[in-house]
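Visitor:
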Amino acid sequence: MSPDILIIRDGNGYRILHGHLRLASELSLHREVDVDVADEGRIRVVRTRQGYFAASGGHRLPILRL
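Take 47 as the starting number for the sequence shown in the working numbering and just add one per residue.
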């Protein structure tokens, strides 16, 4: 995944700080993409009808937008 997407952990979810359009573009082509998260490593971002979620360890945590 491109390093121009910046996602951090925020409470019970993740927050996109930079690269909203790049992530949306990648998810329009693929249902899932892998993104590096600072201090956590790689997570899989999944596009669903309800929005974007981070698939991590068998759980789905929401991707929060600013």
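Glycine included, every Cβ here is placed at the ideal spot set by N, Cα and C. None of these values were measured; they are calculated from a predicted model.
#1: Assign Ala-84 to one of two classes, buried (16 or more other C-beta atoms within 10 Å of its C-beta) or exposed (fewer than that).
#2: Quick check on Glu-78: buried or exposed, where buried means 16 or more other Cβ atoms within 10 Å of its Cβ?
#3: Between which two residues does the alpha helix (DSSP H) harbouring Arg-68 extend?
#4: Can you give me the C-alpha to C-alpha distance between Leu-75 and Thr-94, rounded to a whole angstrom?
#5: Kindly indicate the opening and closing residues of the beta strand (DSSP E) around Ile-53.
Guide: So, from the data block:
#1: If you number the sequence shown from 1, residue 84 lands on position 38. With fewer than 16 other Cβ atoms within 10 Å, it is exposed.
#2: The count along the sequence shown starts at 1 and reaches residue 78 at position 32. Exposed: under 16 other Cβ atoms inside 10 Å.
#3: Position 22 of the sequence shown, counted from the start, is the residue given in the question as residue 68. It spans 66-75 - the alpha helix (DSSP H) in which Arg-68 sits, taken as one unbroken run.
#4: In the sequence shown, counting from the first residue as 1, residue 75 sits at position 29. In the sequence shown, counting from the first residue as 1, residue 94 sits at position 48. When rounded, the distance between both Cα atoms is 13 Å.
#5: As a working mapping, residue 53 is identified with position 7 in the sequence shown. Start and end: 52-56.
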